[in-house]
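>
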Amino acid sequence: MTINGWIQILLYCGILVLLVKPLGGYMHRVFTGDRSLLSPVLGPVERGLYRLAGTGDQEQHWTGYAAAMLLFNLAGFLALYFLQRLQGGLPYNPAGMSAVEPGLAFNTAASFMTNTNWQNYGGESTMSYLVQMAGLTVQNFLSAATGIAIAMALIRGFASASGKSIGNFWVDMTRATLYVLLPLCVVLTLVYVWLGMPQTLGAYVGATTLEGAQQTIAVGPVASQIAIKMLGTNGGGFFNANAAHPFENPDAISNLIQMLSIFAIGAALTNVFGRMVGNQRQGWAILAAMGALFIAGVAVCYWAEAAGNPLVHALGIEGGNMEGKETRFGIALSALFAVITTAASCGAVNAMHDSFTALGGMIPLINMQLGEVIVGGVGAGFYGILMFILIAVFVAGLMVGRTPEYLGKKIEAKEVKMAMLAILCLPLAMLTFTAIAVVLPSAVASIANGGPHGFSEILYAYTSAAANNGSAFGGLTGNTPWYNITLGLGMLMGRFLVIIPALAIAGSLAAKKTVSASAGTFPTDGPLFVGLLVGVIVIVGGLTFFPALAVGPIVEHLAAIHGQTF
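Structure (structure tokens):
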């Protein structure tokens, strides 16, 4: 590790913190219906969309909110599936891409609809411009807006004094897309084009190499997809190499902007929460817990990659682990990017995680297996950490012998059960499919490495799918019938088996009256609560995941120390 590396990491953290309050204030005005900077321009558009769609803006019970969300996402899934299946006969296909086969089309539709963006294909060699734009990019917006909408519904559950409604799904979706995602993405797209990213509907470009060979250079509407890919914590790249490709991530400036984009909305939602419950310190306390876990992950990952591989050192080659990393980013920014993208449900990569050291690669696994609550995906990370907050105040209540409460809302058996259901659905999907895959010959045949790292490749895949992340240990060949179907199912489980309990909690809390704080009320805006929340997240993660997690990376690390390979 170097001082320069840590300066870059701390500079990133500082800029991110400075963005929290202004972006949080803007989003608060948007979702409470107050006048915002863009209201004069977008207000008539918003009202016109409601009239055109016939949705209205009446408040919904949590069941109605959930039904609208499920039907909307089903429609998006079907639209993307059939776009892929009909690709060969559709326009804006200059490279003549054929139809995507059914298993891969199912996997991709489930992936982009759930904000996972796992890709069992090379984007530039599989998807036409039309599918990239009308299918993948559109779902990038809609899946991100869905996550923000669910977070806002749960926040209203805590903020409501007493009532049965949690907002209107169509209003939340429209405002998230129209006022937040679209304006920011327009600005980011223009910046990315200025930095050198392609943005064209023209055909792929031919070139002659120095050796005289002919080369086809893939281009397309790249910048617009990268903007929402990062801001919406989607992660699906236009190119197979993702953010390691120079057309997706040209230089250090674009790399910094992309890393900030991944965390910006998720971090700002903590401020929105604080404003809506009438105490901004509550939001800062949640962000502090996220920050503590994030810095710990960055420190371990950076240290492991900077220390390098003992097996390589034994050959007389000193230095950190540069395998699978871009020299223009180096070890510090590669490790930072890896932790950011897996702390959020983004999955974009500027280095190959499969080439990380054993302990360096373990940190992305831990981030995802904790439910990606360290900032997390847009909205998804926030409603995810609220599940852990309910468990934390429940534990605090047990310790002092009084009914748990949070922000004046009594936390009772229903809320705790729903929170545990949301938390435990992740290990159910991740570990069940992993257990089957490691004994199924056709699944084992897809791994590129034997021993513990081969196990880690499979575990990482199902962890990434159920956590709705989308990054991968690239040594696993995922485009097979088994992985296309089971990874797709894991994505659906990890998305909707968390959302439905979260909405049920929102409805339950909204119906409860707020009680005034008393002398025995546990303060949830100070360091003690931050420490308790971090402890609960780590302990619950340890009980559900770490025994399985340790089998691959830790055994592989010990083997490297002793000069053994598998």
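For the record, in the sequence shown the residue sitting at position 107 is 871 according to this note's numbering, with numbers rising by one throughout. Each residue gets a CB set at the ideal place from its N, CA and C atoms; glycine is no exception.
State the Cα-Cα distance for the pair Glu1169 and Ile1130, rounded to the nearest angstrom.
Looking up residue 1169 in the sequence shown gives position 405. Looking up residue 1130 in the sequence shown gives position 366. So the alpha carbons of these two residues sit roughly 29 angstroms apart.
> Ignore the nearest five residues each way along the sequence and tell me which others in Ser1018's own chain have a CB closer than 7 angstroms to its CB.
Here residue 1018 corresponds to residue number 254 of the sequence shown, with the count starting at 1. Result list for Ser1018: Tyr956 and Leu959, in chain order.
> Kindly indicate the opening and closing residues of the alpha helix (DSSP H) around Gln1044.
Taking the first residue of the sequence shown as position 1, residue 1044 is located at position 280. That run of the alpha helix (DSSP H) goes Gln1044 to Ala1071.
> Here's the rule I'm using: 16 or more other beta-carbon atoms within 10 Å means buried, otherwise exposed. How should Val1262 be labelled?
The count along the sequence shown starts at 1 and reaches residue 1262 at position 498. Looking at its Cβ environment, which holds 16 or more other Cβ atoms inside 10 Å, Val1262 is buried.
> What distance in whole Å lies between the Cβ atoms of Gly1084 and Ala1070, which are believed to be in contact at a cut-off of 8 angstroms?
Counting from 1 along the sequence shown, the entry for residue 1070 is found at position 306. Counting from 1 along the sequence shown, the entry for residue 1084 is found at position 320. With 8 angstroms as the limit, Ala1070 and Gly1084 qualify as a contact, their Cβ atoms being about 4 angstroms apart.
> Express the C-alpha separation of Leu1075 and Pro786 in angstroms, rounding to a whole number.
Within the sequence shown, numbered from 1, the residue matching residue 786 stands at position 22. Within the sequence shown, numbered from 1, the residue matching residue 1075 stands at position 311. When rounded, the distance between both Cα atoms is 48 angstroms.
> Identify the residues that DSSP records as bridge partners of Gly970: which are they?
Taking the first residue of the sequence shown as 1, we reach residue 970 at position 206. BP columns for Gly970 point to Thr980.
> Return the chain-ordered list of same chain residues with a C-beta closer than 7 angstroms to the C-beta of Ala923, the five sequence neighbours on each side being excluded.
Counting from 1 along the sequence shown, the entry for residue 923 is found at position 159. Within the same chain, Cβ atoms closer than 7 angstroms to the Cβ of Ala923 are found at Met1040 and Val1041, the five residues on either side in sequence being excluded.
> Nearest CA to the CA of Phe836: which residue from Ala817, Leu850 and Leu847?
As a first step, residue 836 is located in the sequence shown; it is residue number 72 there, counting from the start. Closest option to Phe836, Cα to Cα, is Ala817.
> If you drop the 5 nearest sequence neighbours on each side, which residues of the same chain put their C-beta closer than 6 angstroms to that of Met1151?
Against the sequence shown, residue 1151 aligns to sequence position 387. Counting only Cβ-Cβ distances below 6 angstroms, and skipping sequence neighbours, we find Ala1183, Ala1186 and Ile1187.
> Is the beta carbon of Val986 sitting closer than 8 angstroms to the one on Gln963?
Looking up residue 986 in the sequence shown gives position 222. Looking up residue 963 in the sequence shown gives position 199. Judged by their CB atoms, Val986 and Gln963 are nearer to each other than the 8 angstroms cut-off.
> On the CB-based measure, 16 or more other CB atoms within 10 Å of its CB, does Asp1340 come out buried or exposed?
Absent from the model: residue 1340. The displayed extent of the chain is 765 to 1330, so no value can be given.
> Using a Cβ-Cβ cut-off of 6 angstroms (strictly less than) and excluding sequence neighbours within five positions of Met1163, which residues of its own chain qualify?
Your numbering for residue 1163 matches position 399 in the sequence shown. If we look at Met1163 and ignore the five residues flanking it on each side, it has no Cβ neighbours.
> Kindly provide the ranges of any alpha helix (DSSP H) runs that are 4 or more residues long and lie completely inside the stretch 1203-1230, ordered along the chain.
Every alpha helix (DSSP H) of 4 residues or more that sits fully in the stretch 1203-1230 is shown, in chain order, as 1205-1208 and 1215-1230.
> Flag this pair as yes or no: are the beta carbons of Ile1301 and Leu1171 separated by less than 8 angstroms?
The residue you call residue 1301 lines up with position 537 of the sequence shown. The residue you call residue 1171 lines up with position 407 of the sequence shown. No. Outside cutoff.
> If you run the structure through DSSP and keep just helix, strand and coil, what is Lys1181?
Stepping through the sequence shown from its first residue, residue 1181 is reached at position 417. Three-state DSSP puts Lys1181 in a helix.
> On a CA-only basis, which of Thr1227, Leu1079, Cys1110 and Tyr1247 is nearest Ala1209? Give me that one, please.
Taking the first residue of the sequence shown as 1, we reach residue 1209 at position 445. Among Thr1227, Leu1079, Cys1110 and Tyr1247, the Cα nearest to that of Ala1209 is on Tyr1247.
> Would you say the stretch 841-848 touches the stretch 874-886, given that touching needs at least three Cβ pairs under 8 angstroms?
Contact between the stretch 841-848 and the stretch 874-886 is present: three or more C-beta pairs spanning the two stretches fall below 8 angstroms.
> For Leu1051 and Ala915, which I take to be in contact (beta-carbon distance under 8 angstroms), what is that distance rounded to the nearest angstrom?
As a first step, residue 1051 must be located in the sequence shown, where it is residue number 287. As a first step, residue 915 must be located in the sequence shown, where it is residue number 151. Leu1051 to Ala915, Cβ: 14 angstroms. No contact.
> How should Thr1198 be labelled, buried or exposed, when 16 other C-beta atoms within 10 angstroms of its C-beta is the threshold for buried?
Position 434 of the sequence shown, counting from 1, holds the residue named residue 1198. Label assigned to Thr1198: buried.
> Do you know offhand how far Leu783's Cα is from Val1157's?
Residue 783 sits at position 19 when you count from the first residue of the sequence shown. Residue 1157 sits at position 393 when you count from the first residue of the sequence shown. The alpha-carbon atoms of Leu783 and Val1157 are separated by roughly 29 angstroms.
> Might you give, ordered along the chain, the residues of its own chain that have their beta carbon closer than 6 angstroms to the beta carbon of Trp934, omitting 5 neighbours on each side?
By one-based count along the sequence shown, residue 934 stands at place 170. Closer than 6 angstroms at the Cβ level, and outside the excluded window around Trp934, lie Thr819.
> Quick check: the stretch 901-908 against the stretch 993-1002, are there 3 or more CB pairs under 8 angstroms?
yes
> Only counting the same chain, and skipping five residues up and downstream in sequence, which positions put a Cβ closer than 6 angstroms to that of Lys928?
The sequence position of residue 928 within the sequence shown is 164, counting from 1. Answer for Lys928: His825 and Ala1275, listed in chain order.
> Could you check if Val1180 is buried or exposed, using at least 16 other CB atoms within 10 Å of its CB as the buried criterion?
Within the sequence shown, residue 1180 is the residue found at index 416, counting from 1. Buried, by the Cβ-count rule.
> Is Met897 near the ligand GTP, going by C-beta to nearest heavy atom under 7 angstroms?
Absence of the ligand GTP from the depicted structure is noted, as is the absence of any ligand whatsoever, leaving it without description.
> Identify, in the order they occur along the chain, each residue of the same chain with its Cβ nearer than 6 angstroms to the Cβ of Gly852, setting aside the five sequence neighbours on each side.
For the purposes of this step, residue 852 is taken as the residue at position 88 of the sequence shown. For Gly852, where only same-chain residues beyond five positions count, the Cβ hits under 6 angstroms are Ser862 and Ala863.
> Along the chain, where does the alpha helix (DSSP H) containing His792 start, and where does it finish?
For the purposes of this step, residue 792 is taken as residue 28 along the sequence shown, with counting starting at 1. Taken as a continuous stretch (DSSP letters only), the alpha helix (DSSP H) holding His792 covers Ile767 to Phe795.
> Classify Thr972 as buried or exposed, calling it buried when 16 or more other Cβ atoms lie within 10 Å of its own Cβ.
The sequence position of residue 972 within the sequence shown is 208, counting from 1. Using a 10 angstroms sphere on the CB of Thr972, the tally of other CB atoms stays under 16, which defines it as exposed.
> Could you tell me which residues DSSP pairs with Pro985 in its beta bridges?
In the sequence shown, counting from the first residue as 1, residue 985 sits at position 221. Pro985 is bridged to Gln963.
> Go through its chain and collect everything with a Cβ distance to Ala1112's Cβ below 6 angstroms, but skip five positions before and after it.
Taking the first residue of the sequence shown as position 1, residue 1112 is located at position 348. Excluding residues within five positions, the ones whose Cβ falls inside 6 angstroms are Gly999, Asn1006, Ala1007 and Thr1105.
> DSSP on Ile1153, reduced to helix/strand/coil?
Residue numbering aside, residue 1153 sits at position 389 when the sequence shown is read from its first letter. Correct three-state label for Ile1153: helix.
> What are the complete beta strand (DSSP E) segments, minimum 3 residues, inside the stretch 994-1025?
none
> Kindly list the residues whose CB is nearer than 7 angstroms to the CB of Met1132, restricted to its own chain and excluding five residues on each side of it in sequence; keep chain order.
To locate residue 1132, count along the sequence shown from 1; it is residue 368. The residues are Thr1106, Thr1227, Ser1228, Ala1231 and Asn1233.
> Would you list the one or two residues that DSSP bridges to Lys1277?
By 1-based counting over the sequence shown, the position of residue 1277 is 513. Paired residue(s): none; Lys1277 is not in a bridge.
> Let me check understanding here. Comparing Cα to Cα, which of Met1126, Pro804 and Glu1090 lies closest to Asn1114?
Position 350 of the sequence shown, counted from the first residue, corresponds to residue 1114. Taking only the C-alpha atoms, the option nearest Asn1114 is Glu1090.
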